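Have a look at the structure below, then the notes.
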Amino acid sequence: MDTSWLRSSFEELKACSGASREALLETLSPTRCAGCERPGVLLCDDCLNKLVLIDPEESCALCGAPYGRVLCTECRGVASSLDRCLACALFSGALPRVIRAYKDGGERRLARVIAELLLDTALHAQAAAPDRYGGILADADFITFVPATKSAYRRRGFDHMEAIARSLGSMAGVAVCDCIIKHGSSDQRKMGREGRLATARSIYEVPDIVQKNVYGARLLLIDDVITTGATMTAAAAVLKGAGAAHVDGLAAARVL
């Protein structure tokens, strides 16, 4: 196979900078919607408008599940270290494809798209349900995030939630604190709630060097997907154990 064109393009790409580099990258690998492959945009309006948004006035404030305000069938009122929990939309339609394209498909530009979803979700909740979610972002001293495992970091080459947190912090004008270390490399995606809870309790730690930032602080803890709430609960528990005064959770998607 003749790959001389590819070598030539790669050399040309290395020689470019700024707008020229972006233009060449667009020529080699055109931008497409992560949800439907429509060319020209990372997430098209059609896919965005089809997201099943979660109403902050009706959701469960403990685990973020929709329609759980009165009686949540997801967490059933189980105690959580989170003070409040909020999610943008159901893990359905285009959203799973967007998250996979970002985490494992190499489309790192989606960090800003997901951060914008989180920002819009928090701002809307503060305005629409101030009695439930007032100040969830505006009153946060720091934004922090559920970190990737070392093995996931090596595989992907970056911490996907840190990139989203940095983008969200920049847009919202809130400082970001890398507060949590995640030990181990277990994949919890196939576990149930009890298995996730048992595994999650032992894998998070707040290092001594950042405890001064955590102590007495109001924190907004972000993640991409809430499945059972075990991850968020465990991460919030170590933050509370390090002296955090208040920990809210915010995610892009909620699995039912």
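When we follow the numbering used here, the leftmost residue of the sequence shown carries the number 675, and every step to the right adds one. Yeah, the Cβ is synthetic: ideal placement off N, Cα and C, and Gly gets one too. For clarity, every value in this text was computed on a predicted model and none was experimentally measured.
Query raised in the report: Could you give the residue range of the beta strand (DSSP E) that holds Thr-795?
Result: The residue you call residue 795 lines up with position 121 of the sequence shown. Looking at the DSSP string, Thr-795 is not in any beta strand (DSSP E); the run it does join, the alpha helix (DSSP H), is 784-802.
Query raised in the report: How would you label Ile-883, buried or exposed, when you count the other beta carbons within 10 angstroms and need 16 or more for buried?
Result: In the sequence shown, counting from the first residue as 1, residue 883 sits at position 209. Exposed.
Query raised in the report: Run through DSSP, which three-state label would Thr-818 get?
Result: The residue given as residue 818 occupies position 144 in the sequence shown. In the structure shown, Thr-818 sits in a strand (DSSP, three-state: E or B).
Query - Endpoints, the alpha helix (DSSP H) within which His-834 is located - result: Counting from 1 along the sequence shown, the entry for residue 834 is found at position 160. Counting along the chain, the alpha helix (DSSP H) containing His-834 begins and ends at 834-846.
Requested in this report: Within the segment 697-767, note down every full beta strand (DSSP E) run reaching 3 residues or more, in order along the chain.
Outcome: Counting only runs of 3+ residues, the beta strand (DSSP E) found wholly inside the segment 697-767 occupies 758-764, in chain order.
Query - Residue burial classification, Val-850 (beta-carbon count within 10 angstroms, cutoff 16) - result: Here the question's residue 850 lines up with position 176 in the sequence shown. With a 10 Å radius around the Cβ and a threshold of 16 neighbouring Cβ atoms, Val-850 comes out buried.
Query raised in the report: Ile-896 bridges to which residues according to DSSP?
Result: Numbered from 1 along the sequence shown, position 222 holds the residue referred to as residue 896. Answer is Phe-819 and Leu-924.
Query - Chain-order list of residues whose beta-carbon lies under 6 angstroms from that of Thr-795 (same chain, five-residue window excluded) - result: Your numbering for residue 795 matches position 121 in the sequence shown. Around Thr-795: Cys-762.
**Report entry** Terminal residues of the alpha helix (DSSP H) in which Val-888 lies
**Finding:** As a position in the sequence shown, residue 888 is number 214, starting the count at 1. Start and end: 885-888.
Query raised in the report: Taking three-plus beta-carbon pairs below 8 angstroms as touching, is the segment 756-774 in contact with the segment 720-739?
Result: yes
Query raised in the report: Is Asp-882 close to chain B, meaning its C-beta is less than 9 angstroms from at least one C-beta of that chain?
Result: Among the protein chains of the structure shown there is no chain B, as only one such chain exists.
Query raised in the report: Per the contact definition of three or more C-beta pairs closer than 8 angstroms, is the segment 726-735 in contact with the segment 786-803?
Result: As far as the Cβ criterion goes, the segment 786-803 touches the segment 726-735, which means the pair count is three or higher.
Report task. Using the Cα positions of Ala-926 and Ile-788, report the straight-line distance between them to the nearest angstrom. Result -> Here residue 926 refers to the residue found at position 252 when the sequence shown is read from its first residue. Here residue 788 refers to the residue found at position 114 when the sequence shown is read from its first residue. Straight-line spacing of the CA atoms in Ala-926 and Ile-788 works out to 7 angstroms.
Query raised in the report: Glu-711: buried (16+ other C-beta within 10 angstroms of its C-beta) or exposed?
Result: Stepping through the sequence shown from its first residue, residue 711 is reached at position 37. Burial call: exposed.
Requested in this report: Could you have a look at Ile-773 and say whether DSSP puts it in helix, strand or coil?
Outcome: Position 99 of the sequence shown, counted from the first residue, corresponds to residue 773. In the structure shown, Ile-773 sits in a helix (DSSP, three-state: H, G or I).
Query raised in the report: Roughly how far, in whole angstroms, is the beta-carbon of Phe-819 from the beta-carbon of Ile-900, given that I think they are within contact range, below 8 angstroms?
Result: Along the sequence shown, one-based indexing puts residue 819 at 145. Along the sequence shown, one-based indexing puts residue 900 at 226. Their Cβ separation, rounded to whole angstroms, is 13 angstroms, which puts Phe-819 and Ile-900 out of contact at 8 angstroms.
Query - Residue of Ala-814, Gly-831 and Phe-816 minimising C-alpha distance to Ala-822 - result: Residue numbering aside, residue 822 sits at position 148 when the sequence shown is read from its first letter. It is Gly-831 whose Cα lies nearest to the Cα of Ala-822.
**Report entry** Euclidean distance between Cα positions of Cys-721 and Pro-713
**Finding:** Numbered from its first residue, the sequence shown carries residue 721 at position 47. Numbered from its first residue, the sequence shown carries residue 713 at position 39. One C-alpha to the other measures close to 13 angstroms.
Report task. Compare the Cα-Cα distances from Val-772 to each of Leu-793, Ile-854, Gly-709 and Ala-837 and report the closest residue. Result -> Reading the sequence shown from its first residue, position 98 is the one you call residue 772. Among Leu-793, Ile-854, Gly-709 and Ala-837, the Cα nearest to that of Val-772 is on Gly-709.
Requested in this report: Classify Val-912 as helix, strand or coil using the three-state DSSP reduction.
Outcome: What you label residue 912 is simply residue 238 of the sequence shown in a count that begins at 1. In this structure, Val-912 counts as helix in the three-state DSSP scheme.
Report task. Name the two residues that bound the continuous alpha helix (DSSP H) containing Ala-891. Result -> Here residue 891 corresponds to residue number 217 of the sequence shown, with the count starting at 1. Careful: Ala-891 lies outside any alpha helix (DSSP H) and carries neither H nor E.
**Report entry** Beta-carbon proximity list for Ala-814, same chain, < 8 angstroms, skipping 5 on both sides
**Finding:** Taking the sequence shown and counting its residues from 1, one reaches residue 814 at position 140. Cβ within range, chain order: Val-848, Arg-892, Leu-893, Leu-894 and Asp-922.
Requested in this report: For my contact list, Ala-911 and Ile-854 are in at a C-beta cut-off of 8 angstroms; report their separation, rounded to the angstrom.
Outcome: The count along the sequence shown starts at 1 and reaches residue 911 at position 237. The count along the sequence shown starts at 1 and reaches residue 854 at position 180. At roughly 11 angstroms, the Cβ-Cβ gap does not stay under 8 angstroms, so Ala-911 and Ile-854 are not in contact.
Query raised in the report: Who are Glu-781's beta bridge partners in DSSP?
Result: On the sequence shown, position 107 is the one that residue 781 refers to. According to DSSP, Glu-781 bridges with nothing at all.
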